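**Q** All you need for the working numbering is the position in the sequence shown, starting with 1, plus 5. Heads up, the beta-carbon is just placed ideally off N, CA and C, and yes, glycines get one too. For clarity, every value in this text was computed on a predicted model and none was experimentally measured.
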Amino acid sequence: MSRGSWIGGVALALLAALFAYGNRGESAVLHLGVATFYRAPTTLLVMGSFLLGMLAMFLLGLRHDLRVRRALAERERATPIPREEYPHSWTGPDYSGSDLS
Numbered sequence: 006m007s008r009g010s011w012i013g014g015v016a017l018a019l020l021a022a023l024f025a026y027g028n029r030g031e032s033a034v035l036h037l038g039v040a041t042f043y044r045a046p047t048t049l050l051v052m053g054s055f056l057l058g059m060l061a062m063f064l065l066g067l068r069h070d071l072r073v074r075r076a077l078a079e080r081e082r083a084t085p086i087p088r089e090e091y092p093h094s095w096t097g098p099d100y101s102g103s104d105l106s
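#1: Given Leu35, which residues of its chain have a CB within under 6 Å of its CB, disregarding the five upstream and five downstream residues?
#2: Write down the C-beta distance between Ala33 and Leu50 rounded to the nearest angstrom, noting that I regard them as a contact closer than 8 Å.
#3: Please state if the CB of Ala21 and the CB of Met59 are separated by a distance shorter than 9 Å.
#4: What separation, rounded to the nearest whole angstrom, lies between the Cα atoms of Ala61 and Asp99?
And the structure:
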């Protein structure tokens, strides 16, 4: 990994730690429809929501990615790329001008 990505990762981890520290005593009520959780830590709610959003975007993006890959594969089958012609026999390397002969 490059130095820039390490610096970005460390900065993101530092921001998450500062957010957790700043909201360490905060709590909220979480209504899930079938259950209600009182005094749920705000930090866990925010970070959990973030992770669930990332998972949702990954799954939605995966569907689009598979559709694009399928279309590219069909295009490849419809118009195959011509292969270069290779000689039928290989004679080996030419060492005529070197000390290896």
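**A** In terms of the structure at hand:
#1: Excluding positions up to five away in sequence, the list reads Phe42, Ala45.
#2: Yes, they are in contact, since the Cβ atoms of Ala33 and Leu50 sit about 6 Å apart, within 8 Å.
#3: No; because the gap between Cβ atoms is not below 9 Å, this pair is not in contact.
#4: When only Cα atoms are considered, Ala61 and Asp99 end up about 58 Å apart.
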